[in-house]
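*Asks:*
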Amino acid sequence: MWQELAQRLEGRMIVLDPIREEHREPLRAAAADPAIWRWMQVDGSTPEGFDAWFAHALRETAEQREAPFVTIDRDGGRVLGSTRFLSLRPEHRGVEIGNTWLARSAWSSGANIEAKLLMLEQAFERVAAMRVEFKTDARNVESRRALEALPATFEGIFRKHMLIHAGIRDSAYYAITDDDWPEVKANLERRLEAHR
1 MWQELAQRLE GRMIVLDPIR EEHREPLRAA AADPAIWRWM QVDGSTPEGF
51 DAWFAHALRE TAEQREAPFV TIDRDGGRVL GSTRFLSLRP EHRGVEIGNT
101 WLARSAWSSG ANIEAKLLML EQAFERVAAM RVEFKTDARN VESRRALEAL
151 PATFEGIFRK HMLIHAGIRD SAYYAITDDD WPEVKANLER RLEAHR
């Protein structure tokens, strides 16, 4: 499953490139805004936090446990952020999409919509996933709205689910199944057209 998921994905606006050492400094520059990391496990806007985040991404890639990507603007080649496949469950045909962040300049640009479309196409159409799940801090209203707009189905709150740099996090879980995928794909394609 990992090899099928960890492929370069190309859209009209963005490219999702599997993370490599050469991405370190462009990603560091994109990650410099503390607002990006408010709801994340680490604060990647600090040198130590970013280095820990990046080392984790490389380690998970080397061990084929996660498939992290760098989100790159297709026209200008500018690094915009990162996202990844994680929680791979090939025996159950399931995967999670998460650890997604974008530089503030890419917020509301359509980059996240296209990234989700590319990743969901890869999961459902090429890997034959039955389920793709997402989790976010229950207090992260913007992320929850974005997941509901896919639309992903809200499945509940895991209370005191994890420790993050800013304290204790309850996680809101969402999912899309292969039954949902045709409707979700059509919706994402419609939304993406509005950004072109």
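In case it helps, this note's numbering puts the sequence shown at residues 1 to 196.
Beta carbons are placed, not taken as given, at the ideal position from N, Cα and C, and that holds for glycine.
Computed from a prediction, not measured in an experiment: that's the story for all the values here.
(1) R131: which of G94, N99, H165 sits nearest, CA to CA?
(2) Taking 8 Å as the cut-off, decide whether the C-beta atoms of A67 and A6 are in contact.
(3) Could you compute how far the alpha carbon of A172 sits from the alpha carbon of R144?
(4) Roughly how many angstroms lie between the CA atoms of Y174 and K135, to the nearest whole one?
(5) Taking the Cβ atom as the reference point for each residue, do D178 and A129 lie within a distance shorter than 8 Å?
(6) Beta-carbon separation of T61 and T83 under 8 Å?
(7) Distance, Cα to Cα, L163 vs D170?
(8) Verify the contact flag: H165, CB atom, against every heavy atom of the ligand FAD, threshold strictly below 7 Å.
(9) What span of residues does the alpha helix (DSSP H) with F56 cover, start to end?
*Replies:* Taking the coordinates as given:
(1) G94
(2) yes
(3) 8 Å
(4) 6 Å
(5) yes
(6) no
(7) 9 Å
(8) In the structure on display, the ligand FAD does not appear, and there are no ligands present to speak of.
(9) According to the sequence displayed, residue 56 carries His and not Phe. Counting along the chain, the alpha helix (DSSP H) containing H56 begins and ends at 47 to 62.
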